[in-house]
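As C-alpha cells, the structure follows; a few thoughts come after it.
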Amino acid sequence: MSVITILDSFDKEVLEQSYEKNGFNHSYLLRKKDDIIELTKRLKEEEYFLETITAVDKKEKIRLIYIFNKMQKVHRVAVYLDIDYSEDVPSLIDFFKSADWFESEVYDFFGVKFTGNPNLKRLLTPEGMEGYPLLKSWKAEED
Amino acid sequence: MDTEKHVLKDFYVNMGPQHPSTHGVLRIVLKVDGEKVMSSETVLGYAHRGVEKMAESKTYIQMMPVMDRFDYVSSMLFEWAYVGCMEKALGITPPERAEYIRVIMAELNRIASHLLWAGAFLLDLGAFTPFLWLFDARERIMDMFEEVTGQRMTNNYFKIGGVADDLTPEFFKMLDEFLNMIRKRMADTETLIESIIFLERVKDIGFISKEDVINYSLTGPVARGSGVNYDLRKNEPYSIYTRFDFEIPLGEKGDCYDRYKVRMREVIQSVRIIEQAVSAIPEGPFAEKAPKIVKLPEGEYYFAVETSRGLLGVYLVSDGSANPYRFKLRDPAFSNLSILDTMLPGNKISDVVAILGSIDVVIPEIDR
Amino acid sequence: MNASYFNKVNIGIKTVIKGLALSISYLFKKPVTLQYPHEKKRIAQRYRGSIRLKRNEEGALKCIACGSCEKICPAGAIKMVTVTPEGSKKKQLSEFYVDLGLCIYCGLCVDTCPVDAIEHSIVYEVAERKKDGLILRLDNLGEKNV
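Residue numbers (numbering that gives the first Met the number 0), protein chains in the order written: chain A, 0 to 142; chain B, 0 to 367; chain C, 0 to 145.
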C-alpha cells in the first residue's frame, strides 16, 4: 500500500507545498491530534523514519511539525498538528526512540507536554529557566 | 572500621562537562558497579546559546556567520545547508563553477572533519603518533581554506547564489600537493594503528543494530557503520553529486571498529570526488547576482545536506520580513548522541571513551 | 594460558614492530611544526584580520558614512559617529570605532560596503594588555594595521 493511500485515510487538510519549492513531498495538516499515533504506526511499517519533530509559534496556536523520511529513496512527509498553548499531545516514543529527545526539545522551547513520554525534561536550557523561550511572547532580558 | 556497613550501593561517576574525551562540554552521569557501567544519563545544554531564538532577531545575512559556529570542524557544510535553503526559497541556481567550488570545499571540509575525528579518537585510545600525522594533513586543508576563504575555521564562504570568491592558482597547487600525500598518509595511519592493542579496544563493543538506526533516527557514518546505506549525496542528491563516481563505505557489524573504518574509507571517497571535480571544473562566474537585502517569500522551506556527521536539515519559516520567523536545525549529532544511554550499560568505563568517540559528536551543534 | 593467547601476543609484537619501523621512517622527514614567535606562518592575501578603513590617493578616507557596516555587523562591533557640516548635505565621518573584542572577523562589513572603503588587513596578532587597546578608533586604526 502506498503512503498516499495511508495518508488519505485520515481526516486532514492537504497543504500546498512541493518538494522543489519547500522540500516536502507531502504536507498534511491533521485535524485530530490522536491520529498522529496511528499515522506514525503505519508509516513505520512502511520503513519511514522520524527525521525530526519541531514546532512553530503561530501567535494564536502552536503548530507542531513531524517530518518523516524514507531512507531508500527520499520521500519527505511533513505532518502538521495545530494545538492550543496548554494542550497535551500523545508521544511517539513507542514507535521511535528518537522521539524522546525531539519531544524534550519541543517541551523545552515551547512548553508542549507529550503524554506518555516518561523522560520529558528541559533538555537544553539551563537549570531554573522560566518560561519557554521560543514562544513569541517570551522576551530576552536586556543586559 | 566496620567495612560491612560501608557497602557502596549506588556509585556515580561524573564524566564531564570538563573531560578531555568528551570534546566539548558534554556531561555523562555514569552509575557504576566497580568498573562496569550500570546506567548512564547524558546531560546537555552546557553550550546552549539560544541560537534559534537569536535568529528571530537577526537578518538572514547576519545568520550566515552563525552557521559556522555550530559544527566548527565542518563549517562549510553547515553554510551549504543554510544557503541552499534560502536559494530554494528565492529560486536562485548557482552557476556551474560555483557548484564545483562548493563540492570541492565541502569535501575538503568533510576530510578535515574526519581527520580531526580520527586523530582525536585515536588519541583518546592512547595512540599519539596518528594524531600528529593526521593533524599535519588537516593543517594543509586549513591552509587551503585560509588561501581561498580568508579564514581557517569559521569560513563564511558560501553566499546566496554562489561563493564569496574564486579559487586561486595557489590553491590548486596546494590541493595537488595534498592529494598526493593524503592516500599514503591514510594508509600509513592504518598500518600503524591496526595492531592488536587498538583492535581489542574497539572491536565488538558499542553495537548498533539496523533496527536501532531507524529507531533512533541515526544518520551519517554512525548509520553506515551498521550497514545502513543512507547517504544524502546518493539517496537525495543535491547540487551536482550525481555527476561524480564514488562509493558509500558500509560497515557490517555496527561496532566501534566499523564506524572507525567507515570514516577512514570515506576520506578516500571524498578524495576521489575532489579529483573528479578538479578535472571537470568549468570556467565562468563563481556567483550569481543575489539581492543585498534578503527577504524570503512567505512560506516554509526545508533543505538537507549530508555533513560529516549525517543528515543536516535547515528548516526556515518566513513571514515575508527580513528576519526568519522560525529557524530550526535538524542536526545529525543530536539524534546520534541520543542512542548513547542505551549503548553504555554493560560496558567498562574505559570503553565509554571509545563508544562516545566512535559516535563523533560536536557539542555546540547539539546544544545550539 | 592457551595457544591463542600466545598467538595474540605474537601478532601484537609483530604489528608493533611494523608500526615502529613505519614511524621511524617519519623521523627523517622535514619537521612540520613552526617555532611560532620566532618563525611566522605565511599569511594568505585574503586573510581576514583586523578591520581598517581605506584611503584614496589623496589620503582622505573613502568612507561616505552611510552606516551599512554598522547595521549589518552581527556582533555589533562597529560604531560610527557622523556629523553633517553646516551648508553641506553630505554626512561626514567624525569617529569610527571597531571593538576587536567583539569582532568575529566574518567579513560582512567588507562585503556590504557600497564604496569599498573598509577592508580586512592581514594582521592577526591583536592581543592587548588592556581591554581599551582592543577598541580601534579613527586615530589608531593605522597604528594597529600595518
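The beta-carbon is built from N, C-alpha and C at its ideal position, and this holds for glycine as well. What you are looking at is a predicted structure, and each value in this text was computed from that prediction instead of being measured.
Rounded to whole angstroms, how far is the Cβ of I292(B) from the Cβ of L336(B), which I believe are closer than 8 Å? With 8 Å as the limit, I292(B) and L336(B) do not qualify as a contact, their Cβ atoms being about 37 Å apart.
May I ask you to report which of helix, strand or coil DSSP gives K202(B)? In the structure shown, the three-state DSSP call for K202(B) is coil.
Give me, in chain order, the residues of the same chain whose beta-carbon lies closer than 7 Å to that of C65(C); leave out the 5 immediate sequence neighbours on both sides. Here the set comprises P113.
Along chain B, in chain order, which residues have C-beta atoms closer than 7 Å to that of T124(A)? Those are G44 and H47, listed as they occur along chain B.
Quick one: residues in its chain with C-beta nearer than 8 Å to the C-beta of K32(A), no 5 flanking neighbours on either side, listed in chain order? The answer, listed in chain order, is L80, I82, E86, V88 and P89.
What's the call for V145(C), buried or exposed, on a 16-neighbour Cβ count within 10 Å? Confidence in V145(C) is poor, its pLDDT being 43 and thus under 50, which makes the residue's placement too unreliable to answer from.
Measure the C-alpha to C-alpha separation of I358(B) and T341(B) and round it to an integer number of angstroms. So the two alpha carbons sit approximately 13 Å from each other.
The alpha helix (DSSP H) spanning P363(B) covers which residue range? Note, P363(B): alpha helix (DSSP H), I362 to D366.
Shortest alpha-carbon distance to H22(B) belongs to which of R96(B), R325(B), W116(B) and I103(B)? By alpha-carbon distance to H22(B), the top candidate from R96(B), R325(B), W116(B) and I103(B) is W116(B).
Measuring alpha carbon to alpha carbon, tell me which of V50(B), P363(B), A88(B) and G15(B) ends up nearest A289(B). The option with the nearest alpha carbon to A289(B) is A88(B).
Residues of chain C with CB closer than 7 Å to the CB of L191(B), please, in chain order. The contacting residues are G18, L21 and S22.
Quick check: is the beta carbon of M0(B) nearer than 9 Å to any beta carbon in chain A? Residue placement at M0(B) is poorly supported in this model, since its pLDDT is 48, which falls under 50; the coordinates still yield a value, given next. Chain A contact via Cβ: absent.
What does V160(C) touch in chain B if you count any residue whose Cβ is under 8 Å from its own? In the structure displayed, chain C extends from 0 to 145; residue 160(C) sits before or after that span and is not available.
Closest Cβ-Cβ distance between G132(C) and chain B: below 9 Å? Contact with chain B is absent for G132(C), since none of that chain's Cβ atoms lies less than 9 Å from the residue's Cβ.
Residues of chain A with CB closer than 7 Å to the CB of Y314(B), please, in chain order. Going along chain A in sequence order, the residues near Y314(B) (Cβ under 7 Å) are T53.
Residue range of the beta strand (DSSP E) that includes P89(A): In the DSSP annotation of this structure, the continuous segment of the beta strand (DSSP E) that includes P89(A) starts and ends at D87 to P89.
Buried or exposed: where does K172(B) fall if 16 or more other Cβ atoms within 10 Å of its Cβ makes it buried? Counting Cβ neighbours within 10 Å, K172(B) comes out exposed, since fewer than 16 surround it.
Would a check of beta-carbon distances place N155(B) closer than 9 Å to chain C? Closer than 9 Å to some Cβ of chain C, the Cβ of N155(B) qualifies, so yes.
Can you pull the DSSP bridge partners for N13(B)? Bridge partners of N13(B): V28(B).
Contained alpha helix (DSSP H) runs [length at least 4] in the region 153-233 of chain B, N- to C-terminal order: Listed in chain order, they are 168-192, 195-201, 209-214 and 220-224.
I'd like to know whether the C-beta of R110(C) is nearer than 9 Å to at least one C-beta of chain B. First, the amino acid is wrong: residue 110(C) is Asp here, not Arg. It does; some Cβ of chain B falls within 9 Å.
Distance CB(V2(A))-CB(L42(A)) smaller than 9 Å: Their beta carbons are under 9 Å apart, which means V2(A) touches L42(A) by this criterion.
Hey, is the region 66-80 of chain C in contact with the region 47-63 of chain B, meaning 3+ C-beta pairs nearer than 8 Å? Contact holds: three or more Cβ-Cβ distances are below 8 Å.
Nearest to P331(B) (by Cα), restricted to the options T306(B), V82(B), F197(B) and G149(B): Selected option, being the one with the closest Cα: T306(B).
Between K202(B) and the rest of its own chain, which residues show a CB-CB distance below 8 Å, the 5 nearest in sequence each way excluded? If we look at K202(B) and ignore the five residues flanking it on each side, its Cβ neighbours are D254, C255 and Y256.
Sub-9 Å separation of M79(C) and L92(C) beta-carbons: Contact: yes.
Once DSSP output is grouped into helix, strand and coil, what is the label at I50(C)? DSSP places I50(C) in strand when its eight states are reduced to three.
Ignore the nearest five residues each way along the sequence and tell me which others in T143(A)'s own chain have a CB closer than 6 Å to its CB. No information on residue 143(A) is available, as it lies outside the stretch 0 to 142 that chain A covers here.
Helix or strand or just coil, what does DSSP make of E297(B)? In the three-state reduction of the DSSP assignment, E297(B) falls in the coil class, being assigned neither a helical nor a strand state.
Judging by CA-CA distance, which residue of L107(C), D131(C), G11(C) and R41(C) is the nearest neighbour of I195(B)? Selected option, being the one with the closest Cα: G11(C).
Give the DSSP-derived three-state secondary structure of P72(A) in the structure shown. Checking the sequence shown, residue 72(A) turns out to be Lys, not Pro. Correct three-state label for K72(A): coil.
Using alpha carbons as the reference points, say which of I267(B), M85(B) and E235(B) lies closest to F245(B). For the options I267(B), M85(B) and E235(B), the alpha carbon positioned closest to that of F245(B) is the one of I267(B).
List the residues of chain C whose Cβ lies closer than 7 Å to the Cβ of T128(B), in chain order. S22, listed in chain order.
Taking 9 Å as the threshold (beta carbon to beta carbon), is V147(B) in contact with chain C? Cβ-Cβ to chain C under 9 Å: yes for V147(B).
Report the three-state DSSP secondary structure of H113(B) (helix, strand or coil). It is helical.
For I71(C), return the contacting residues in chain B, with the cut-off set at a CB-CB distance below 9 Å. Here the neighbours are T58, I60 and Q61.
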